[in-house]
Amino acid sequence: MEFLRPATLADALAAKAAAPGAVPIAGGTDVMVELNFDHRRPEALLDLGRVAELHEHGTDGGRIRLGAAVPYTRIIAELGAKLPGLAMAARTVGSPQIRNRGTVGGNLGAASPAGDAHPALLAAGADVEIASVRGTRIVAAKDFYTGVKRNVLEPDELITSVLLAPATGPQQFSKIGTRNAMVIAVAAFGLALHPAERRVGTGVGSAAPTPRRALEAEEFLAGELNWDAPKALNDSVKRRFGDLVAAAASPIDDVRGSAAYRRHALGVMARRTLTWAWTDYCGGSAKCA
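The sequence shown lines up with residues 38 to 326 when you count with the numbering used here.
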């Protein structure tokens, strides 16, 4: 196969337009596994390692613009305070070696339902910036996934960045797998509280054909929280929230876990992350636990 190595974003977009079948590669933590197992044999690889714009992060209209090729290690170290939910998810990715190479752009491009970044992006209300020689467009993360390992990208397009507002409230992420590290999620859940908007964000991972939000759970919880004078949540509220999150999933039975177990796990993770986030919102007060 051909190996294309552009030095600028403009060159990368031109190369993708000329060779739509070329598979982009940044960290290679997904693509190289597929190549090594002969699950994929593309006509070309498009190496984005030298495209500086994709390896940077900054601000854009008050939001954080996270380059598609910024590795998880840098998200944890440099953006953990501003994007706590995504940083939590990043800490669960693979091993230190994989976190040094893996990227949010790669997670989005692969569009696996089990991708660790997806629940945090959905809960935070992220947008995905997509570019081609024809121009740039912005797609909300909730609209980005179209099926199992499928997304809205056209053949000549590349993911260039993710846009996220800095956290204005507590964020949490929880993941369950068959062991504590180096594991694909059996189920995952992201939660973000947005006090200024009186809104709750959620993200469900590895429990449906695509990552998705639990919309009914969000609406229910936003109406139950006392944003201005926070107090302890009734157990009935936590249970109902967990039940609505579990109901939003469409899991399957597979080698990692049954559909019933995934629903149960999501309910538990939803209740736990809510307890942690609400306690944080109360300033760590035990009265809000």
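We put the CB at the ideal spot given by N, CA and C, even for glycine. Fair warning: this is a prediction, and the values are worked out from it, not measured in the lab.
Check	Outcome
Buried/exposed call for Thr239, threshold 16 Cβ in 10 Å	buried
7 Å CB neighbourhood of Arg293 in its chain, flanking five on each side removed	Thr215, Ile221, Val223
Cutoff 8 Å; reference Pro108; Cβ partners in own chain excluding five residues on either side	Gly64, Arg136, Asn137, Arg138, Gly139, Thr140
Straight-line gap, Gly146 to Val274 (C-alpha atoms, nearest Å)	36 Å
Same chain only: Cβ atoms within 6 Å of Asn144, ignoring 5 sequence neighbours per side	Gly152, Ala154
Beta-carbon proximity of Phe226 to Pro121, cut-off 8 Å	no
Inter-residue CB distance, Val189 and Thr183 (contact presumed, cutoff 8 Å)	6 Å
Given Asp97 as reference, the closest of Leu201, His231, Leu303 once Cα atoms are compared	Leu201
Glu143 (DSSP reduced to helix, strand or coil)	Going by the sequence as given, residue 143 is Gly instead of Glu. Correct three-state label for Gly143: helix.
Uninterrupted beta strand (DSSP E) stretches inside the segment 97-139 (no shorter than 3 residues)	100-104
Contiguous alpha helix (DSSP H) assignments of at least 4 residues, all confined to the segment 212-267	252-261
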